[in-house]
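Here's the structure we're looking at; comments come further down.
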Amino acid sequence: MINFEYARADEVADAVRLVAGDPGAKFVAGGTNLIDLMKMDVERPAKVIDINRLPLKRIEITPEGGLRIGALVRNTDLAYHPLVEQHYPVLASAIMAGASQQLRNMASTGGNLLQRTRCHYFYDTVTPCNKREPGSGCSAINGHNRMHAILGASEECIAVHPSDMCVALAMLEAKVHVTGASGDRVIAFADFHRLPGDTPQRDTNLEAGEIITAVELPAKGFAENYTYLKIRDRLSYAFALVSVAAGLQLDGETIKEARFALGGVAHKPWRDPQAEAALNGQPANEATFARAADVLLRDARGYAHNSFKNDLARRCLLRALMQAAHGTPQLQSSKKIM
Ligand SMILES: Cc1cc2nc3c(=O)[nH]c(=O)nc-3n(C[C@H](O)[C@H](O)[C@H](O)COP(=O)(O)OP(=O)(O)OC[C@H]3O[C@@H](n4cnc5c(N)ncnc54)[C@H](O)[C@@H]3O)c2cc1C
Ligand code: SF4
300 MINFEYARAD
310 EVADAVRLVA
320 GDPGAKFVAG
330 GTNLIDLMKM
340 DVERPAKVID
350 INRLPLKRIE
360 ITPEGGLRIG
370 ALVRNTDLAY
380 HPLVEQHYPV
390 LASAIMAGAS
400 QQLRNMASTG
410 GNLLQRTRCH
420 YFYDTVTPCN
430 KREPGSGCSA
440 INGHNRMHAI
450 LGASEECIAV
460 HPSDMCVALA
470 MLEAKVHVTG
480 ASGDRVIAFA
490 DFHRLPGDTP
500 QRDTNLEAGE
510 IITAVELPAK
520 GFAENYTYLK
530 IRDRLSYAFA
540 LVSVAAGLQL
550 DGETIKEARF
560 ALGGVAHKPW
570 RDPQAEAALN
580 GQPANEATFA
590 RAADVLLRDA
600 RGYAHNSFKN
610 DLARRCLLRA
620 LMQAAHGTPQ
630 LQSSKKIM
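Everything in the sequence shown is counted per the working numbering, starting at 300 for the first residue and increasing by one.
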């Protein structure tokens, strides 16, 4: 048993004060990732700050016509919120494709962004892992790497980000509101998560002591032509091998604007502006989508056990875009099951 201090914050300012200058402190929200990591001896916080009483549980319409989602809104409440179901169905679908109902009931919006990779070596403390112990090496590069990255990896780490929700947030171009001892700031979603480079221990650009207060969605939700497609080993309760969040704005059969992001392929939800640009102004058909896939996968690199992901990512992208073009999403958030 490793001892740790427990503190509870009632206001955001308390949470910021409690964490300030204490590199061994961690916030806990739903606890569905942090507590597992503590039990497995991967995370050893000296202090755990419970943020569940903070007033960050509301979903509000912004003056720009978007949505501001408090960091403590539970994944279930977000997926079933009428404004999300109506205006951002790709987000509702992505959330419902993740974890299990019980986990979604606990998991928070902020915690989902900060969940850590599911690379099994990261959880296995007897094996080298640069993310867990910088400089120790990467067991996955020459080990079992079936779930790992094909885009944006480095010699230091080939892990992927495991979230479904974040793939939809990347495609929707959400913003992350954070606050810390030096004040508030807003981070574009594309800049929130990091590629591994030579600092794989850092998953995000959140600074030490900063807390996520909200995630903001812009007004545009691609609610007509969208899809969240997730390919995994089981039909439920499994992380993505490859996933795609896609949204199209169509003018007849011509694409006015295309957005897509991929999960399960990189250290962060993967957007590629060049591949998206290959779709704009083009007819919404398989030939166009295949050209975008060529651009997307131009630098893809597989390892011993995950080369199949190159072809899988191509097929997933094509299917997701075809479904979006036909307005037939893969998975709709369905009846509420508690
Ligand atoms: C068995 C299992 C299967 C799963 N399957 C999926 C899946 O298929 N798809 C998927 O997307 N997810 C999946 N998940 C992951 C789950 O969605 C995450 O564990 C959850 O979203 C984390 O949220 P939380 O509130 O419980 O975070 P916590 O565990 O409380 O915290 C996670 C991290 O975030 C930090 N943190 C939390 N809130 C804040 C904040 N507001 N500001 C700053 N730091 C904060 C904590 O310090 C900690 O480092 C699965 C989890 C489990 C256990
Ligand atoms: S891929 Fe990343 S998380 Fe996995 S063993 Fe290598 S360094 Fe660790």
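Ideal Cβ placement from N, Cα and C applies to all residues, glycine included.
Remember, it's a predicted structure, so these values are computed and weren't measured experimentally.
Does the beta-carbon distance from residue i to residue j come in below 8 Å?
{"i": "Val475", "j": "Ile486", "result": "yes"}
{"i": "Ala319", "j": "Ala480", "result": "yes"}
{"i": "His492", "j": "Pro427", "result": "no"}
{"i": "Asp463", "j": "Gly562", "result": "yes"}
{"i": "Arg357", "j": "Met470", "result": "no"}
{"i": "Ile554", "j": "Leu534", "result": "no"}
{"i": "Ser265", "j": "Tyr536", "result": "Nothing can be reported for residue 265, as the shown portion of the chain is limited to 300 through 637."}
{"i": "Ala623", "j": "Asn524", "result": "yes"}
{"i": "Leu516", "j": "Gly365", "result": "yes"}
{"i": "Asn302", "j": "Arg415", "result": "no"}
{"i": "Ala393", "j": "Ala544", "result": "yes"}
{"i": "Ala467", "j": "Val389", "result": "yes"}
{"i": "Gln500", "j": "Asn429", "result": "yes"}
{"i": "Leu616", "j": "Ala586", "result": "no"}
{"i": "Gly520", "j": "Ser453", "result": "no"}
{"i": "Ala439", "j": "Tyr420", "result": "yes"}
{"i": "Leu413", "j": "Thr478", "result": "no"}
{"i": "Leu494", "j": "His443", "result": "no"}
With DSSP collapsed to three states, give me the class of residue i.
{"i": "Lys474", "result": "strand"}
{"i": "Leu371", "result": "coil"}
{"i": "Leu595", "result": "helix"}
{"i": "His460", "result": "coil"}
{"i": "Gln400", "result": "helix"}
{"i": "Ser392", "result": "helix"}
{"i": "Leu382", "result": "helix"}
{"i": "Val341", "result": "coil"}
{"i": "His447", "result": "coil"}
{"i": "Phe559", "result": "strand"}
{"i": "Arg646", "result": "In the structure as shown, the chain begins at 300 and stops at 637. Residue 646 is therefore absent and cannot be evaluated."}
{"i": "Gln631", "result": "For Gln631, the pLDDT reaches just 48, beneath the cut-off of 50, and the residue's location in the model is therefore unreliable, leaving the point undetermined."}
{"i": "Gly479", "result": "strand"}
{"i": "Lys430", "result": "coil"}
{"i": "Arg357", "result": "coil"}
{"i": "Gly546", "result": "strand"}
{"i": "Ile554", "result": "strand"}
{"i": "Arg600", "result": "coil"}
So is residue i buried or exposed if we call it buried at 16+ other beta carbons inside 10 Å?
{"i": "Phe588", "result": "buried"}
{"i": "Ile510", "result": "buried"}
{"i": "Lys338", "result": "exposed"}
{"i": "Met395", "result": "buried"}
{"i": "Ile348", "result": "buried"}
{"i": "Thr627", "result": "exposed"}
{"i": "Lys635", "result": "For Lys635, the pLDDT reaches just 43, beneath the cut-off of 50, and the residue's location in the model is therefore unreliable, although a value from the coordinates is still provided. It is exposed - the Cβ of Lys635 has fewer than 16 other Cβ atoms within 10 Å."}
{"i": "Met637", "result": "With a pLDDT of 34 at Met637, under the threshold of 50, the predicted position of this residue should be treated as unreliable, and no value is reported."}
{"i": "Gly551", "result": "exposed"}
{"i": "Val425", "result": "exposed"}
{"i": "Gly546", "result": "buried"}
{"i": "Leu317", "result": "buried"}
So residue i and residue j are in contact, right, with Cβ under 8 Å, and what is the actual spacing, rounded?
{"i": "Leu611", "j": "Leu540", "result": "6 Å"}
{"i": "Ala345", "j": "Gly369", "result": "The Cβ separation is near 27 Å, so there is no contact."}
{"i": "Ala314", "j": "Ile360", "result": "Actually they do not touch by this definition, with Cβ atoms about 26 Å apart."}
{"i": "Val564", "j": "Lys608", "result": "6 Å"}
{"i": "Leu371", "j": "Ala406", "result": "Not a contact, Cβ separation roughly 11 Å."}
{"i": "Leu595", "j": "Asp571", "result": "5 Å"}
{"i": "Leu355", "j": "Ala513", "result": "7 Å"}
{"i": "Asp352", "j": "Arg307", "result": "Just to set this straight, residue 352 is Arg in the shown sequence, not Asp. Yes, they are in contact, since the Cβ atoms of Arg352 and Arg307 sit about 6 Å apart, within 8 Å."}
Problem - Touching by the beta-carbon criterion (3+ pairs, under 8 Å), the region 597 to 616 and the region 447 to 455 - result: yes
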